[in-house]
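Sequential numbering of the sequence shown, starting at 75, is according to my numbering. Every residue, glycine too, gets a C-beta built ideally from N, C-alpha and C. Because the structure is a prediction, the values reported are computed rather than measured. Below is one structure; the comments refer to it alone.
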Amino acid sequence: LASGLASHASVSRLLYVMGRDNVFPERVFGYVHPKWRTPALNVIMVGIVALSALFFDLVTATALINFGALVAFTFVNLSVFNHFWRRKGMNKSWKDHFHYLLMPLVGALTVGVLWVNLESTSLTLGLVWASLGGAYLWYLIRRYRKVPLYDGDRTPVSET
């Protein structure tokens with residue numbers, strides 16, 4: 075229960091930031107409740123999406139989670155290599171080789187084995203979801219010619 079509440083709150087706040095920065099429509103996603111100073115509409119929307127999981131069978135829910143987790147783990151391994159090995163130049167000592175080359179490579183190979191053994195349902199649902207996200211990204215790129223910047227003068231969300 076605690077993990078679910080923490081996830082609910084963090085997703086609501088992530089949507090708020092995306093609304094505030096006009097990645098999603100600001101009027102809805104960037105809304106802050108005047109009394110509670112929380113992203114109230116996002117909390118409600120995330121709650122509705124969470125309740126929709128009641129209509130998924132376990133196989134479908136697991137399929138979506140598996141694809142998303144593997145995408146995240148793949149990018150974590152690529153990011154460690156890219157950030158430390160390539161950008162920061164931490165590739166001099168044997169410890170650097172172990173931490174920033176060998177371990178991400180082992181992680182990527184392990185995730186690769188999991189990708190190969192992923193159920194077709196997971197792959198299909200994940201690719202459809204990723205395609206929708208890619209189409210939205212294409213729309214955003216065409217809509218904005220420069221990255222929207224956060225205006226620090228706006229109403230902040232409360233810390234609670």
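Opening and closing residue of the alpha helix (DSSP H) in which residue i lies
i, result
"Asp-170", "168-171"
"Leu-89", "76-94"
"Ala-143", "132-154"
"Tyr-210", "194-217"
"Arg-101", "100-103"
"Trp-110", "Per DSSP, Trp-110 belongs to no alpha helix (DSSP H) and is neither H nor E."
"Val-120", "114-126"
"Gly-163", "Segment: none, Gly-163 is in no alpha helix (DSSP H) and carries neither H nor E."
"Leu-175", "No alpha helix (DSSP H) holds Leu-175; DSSP gives it neither H nor E."
8 angstroms CB neighbourhood of residue i in its chain, flanking five on each side removed
i, result
"Pro-99", "Gly-93"
"Thr-195", "Val-133, Thr-134, Ala-137"
Sequence-distant residues of its chain with Cβ nearer than 6 angstroms to residue i (five each side left out)
i, result
"Phe-147", "Val-185"
"Met-164", "Phe-158, Asp-170, Tyr-174"
"Lys-120", "For the sequence presented, residue 120 should be read as Val rather than Lys. The answer, listed in chain order, is His-82, Val-85, Ser-86."
Own chain partners of residue i with C-beta closer than 7 angstroms, once the 5 adjacent residues on each side are dropped
i, result
"Asn-116", "Ser-86, Leu-89, Tyr-90, Phe-103"
"Trp-189", "Leu-144"
"Ala-51", "For the chain, the structure presents residues 75 to 234; residue 51 sits outside this window and is missing."
"Glu-193", "Ala-137"
Proximity below 9 angstroms, CB of residue i to CB of residue j
i, j, result
"Val-145", "Gly-181", "no"
"Ala-127", "Ala-137", "no"
"Gly-78", "Gly-142", "no"
"Pro-178", "Val-202", "no"
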